[in-house]
Amino acid sequence: MIFSFILCFFLPVLVNADNDSIHFEFTAYVDQEPCEIIVEDLYDTTDEIDFGIVSIQDIIDQTQTRQFEIILQDCEGDFSTSSIQMTSGSTVDGSNDYVFNSDPDAYFGVAIMDEDEQEYFSIGDIVFDQIEDGDEHIILTAVLACYDRGQGCLKDEVGDFSANVTFSYLSD
């Protein structure tokens, strides 16, 4: 049984010429709720996380992070074989499916990491597989990053961008 929900990252970028900064907004929504899937730490009215105004250097240094929580409630199935997997998304060329942006030619986007910001997740990765009952949760981190998760951003690349990633609850 496969259940999917999609987090979309719409990141309008506003350039402030005085301090070379960019304004980002992060949006998420749930596509299907097979076992009551809740995404927390988003604005209640708009399902957005606002990154505020950031500079390209902030993206290069990966200083702009926002955590969000995926909560599973009243799920059913064989939990020994259940997991949450990152199943699809719009990625940047050269990012090995780690950095999400609807423009594949972009040099930066949103990367997804674990709560401790030690591990990046790419398409196909299982982000949580220690589901013991129908009420579980995981905290993930969205981080603005260059396509190579290093120094690969172009300093003059600015403009609006959006990205999406799909996490699926899988259970046999």
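For reference, each letter of the sequence shown is one residue, going -17 to -1, 1 to 155 in mature numbering (1 follows the signal peptide of the UniProt record, and there is no 0). For every residue, glycine included, the Cβ atom is placed at its ideal position computed from N, Cα and C.
- The residue from 19, 153 and 34 with its alpha-carbon nearest to that of residue 124 is 34.
- Taken atom to atom, the span from the alpha-carbon of residue 148 to that of residue 38 is near 24 Å.
- The three-state secondary structure of residue 40, taken from DSSP, is helix.
- Around the C-beta of residue 137, fewer than 16 other C-beta atoms lie within 10 Å, and the residue is accordingly described as exposed.
- If you look at residue 88, you'll find it isn't in any beta strand (DSSP E); DSSP assigns it neither H nor E.
- Comparing alpha carbon positions, the residue from 140, 79, 146 and 143 closest to residue 107 is 79.
- In chain order, 114 and 154 place their CB closer than 6 Å to the CB of residue 65, counting only its own chain and leaving out the 5 sequence neighbours on each side.
- Between residue 45 and the set 143, 116 and 100, the nearest pair of CA atoms involves 100.
- Here the stretch 79 to 92 makes no contact with the stretch 50 to 65; the two share fewer than three CB pairs at distances below 8 Å.
- Under the three-state reduction of DSSP output, residue 74 falls in the strand class.
- Classified as buried, residue 85 has 16 or more neighbouring CB atoms from the shown chains inside 10 Å of its CB.
- In terms of Cα proximity to residue 74, the closest of 121, 144 and 118 is 144.
- Minimum Cα-Cα distance from residue 129 among the listed residues 96, 82, 21 and 70 corresponds to 82.
- Residues 90 and 129 of the same chain have their beta carbon placed closer than 7 Å to that of residue 135, with the five preceding and five following residues left out of the count.
- Leaving aside the five residues that flank residue 77 on each side, the residues in its chain whose CB is nearer than 6 Å to its CB run, in chain order, 130.
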